[in-house]
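Engineer: If you scroll down you'll find the structure; I have some questions about it.
Residue numbers (full-length UniProt numbering): 1 to 236.
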């Protein structure tokens with residue numbers, strides 16, 4: 001089984017470790033949408049008993065990442081366009097409000113951290129798509145810091161399950177070489193400007209975030225045609 005298996009963190013129990021490793025491999029499509037999950041094989045791969053693996057799968061089922069079919073088995077959930085849309089809508093609503101609330105109130109040291117994240121991300125240009133894991137991690141880190149700097153750290157953690165289908169589509173975009181580095185860089189730099197200096201009168205937060213988050217809309221049908229086994233029909 002060709003999975004990414006990092007070392008356990010200090011103090012991390014087997015259930016939490018199994019959940020983290022399985023989530024990582026699902027979100028990076030190493031465990032592809034629709035792939036069957038065998039608890040015994042996963043337990044052997046992670047060098048633990050089946051019980052924590054079963055508990056991890058149950059937790060991921062609650063985050064819409066795993067489908068469990070009694071008497072038929074367990075599989076990684078396919079990407080559901082309806083959940084992609086819901087994840088997008090959730091981020092648009094929350095991050096528009098976040099930008100509105102904290103624009104002009106973030107200090108230079110915090111903006112410097114965002115700019116450093118951007119610098120590290122931009123350094124990956126020549127290594128794509130091999131560096132897609134690092135790129136997505138840094139992209140998530142940029143937005144995570146925005147939530148934390150805005151006093152919304154619990155919100156960031158609370159929505160990870162809800163935006164999981166949207167995030168897998170982002171990853172697929174990067175794997176397919178359809179990532180627009182210049183666009184991401186320009187938009188992230190604009191966020192830094194707004195957080196430090198405030199929003200200009202002619203800039204609406206929802207418009208700014210909408211432009212940043214909606215790249216999936218233009219190529220979703222193409223993605224579904226190119227990777228038919230990765231997607232489920234709306235309402236299916």
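Backbone N, C-alpha and C define an ideal beta-carbon position, used for all residues, glycine too.
(1) Are residue 70 and residue 15 close, meaning C-beta to C-beta below 8 Å?
(2) Bridge partners for residue 189 per DSSP, in chain order?
(3) Between residue 79 and residue 169, which are expected to be in contact by the criterion C-beta below 8 Å, what is the C-beta distance as a whole number of angstroms?
(4) Kindly indicate which three-state DSSP category residue 12 falls into: helix, strand or coil?
(5) Can you tell me whether residue 75 is helix, strand or coil according to DSSP?
(6) Secondary structure at residue 203, three-state DSSP: helix, strand or coil?
(7) Does residue 130 pass the burial test, meaning 16 or more other C-beta atoms within 10 Å, or should it be called exposed?
(8) Assuming residue 74 and residue 67 are in contact, meaning their beta carbons sit under 8 Å apart, how far apart are those beta carbons, in whole angstroms?
(9) By Cβ distance below 8 Å, which residues in the same chain neighbour residue 62 in space, the five residues on each side in sequence not counted?
(10) Any idea what DSSP makes of residue 163, helix, strand or coil?
(11) For residue 108, tell me which candidate among 231, 123 and 196 has the shortest Cα-Cα distance.
(12) So the candidates are 154, 122, 128 and 148; which of them puts its Cα closest to the Cα of residue 183?
(13) So residue 31 and residue 5 are supposed to be a Cβ contact under 8 Å. How far apart are they, rounded?
(14) Beta strand (DSSP E) containing residue 84: first to last residue?
(15) List the endpoints of the continuous beta strand (DSSP E) containing residue 69.
Structural biologist: A quick look at the data gives this:
(1) No.
(2) Answer is none; residue 189 lacks a bridge partner.
(3) 6 Å
(4) Coil.
(5) strand
(6) coil
(7) By the C-beta density criterion, residue 130 is exposed, having fewer than 16 other C-beta atoms within 10 angstroms.
(8) With 8 Å as the limit, residue 74 and residue 67 qualify as a contact, their Cβ atoms being about 7 Å apart.
(9) The residues are 161.
(10) coil
(11) 196
(12) When only C-alpha atoms are compared, the closest one is 122.
(13) Taking a contact as a CB-CB distance under 8 Å, the pair residue 31 and residue 5 does not count as one, their CB atoms being some 12 Å apart.
(14) Per DSSP, residue 84 belongs to no beta strand (DSSP E); it is in the alpha helix (DSSP H), 81-102.
(15) Its beta strand (DSSP E) spans residues 66-69.
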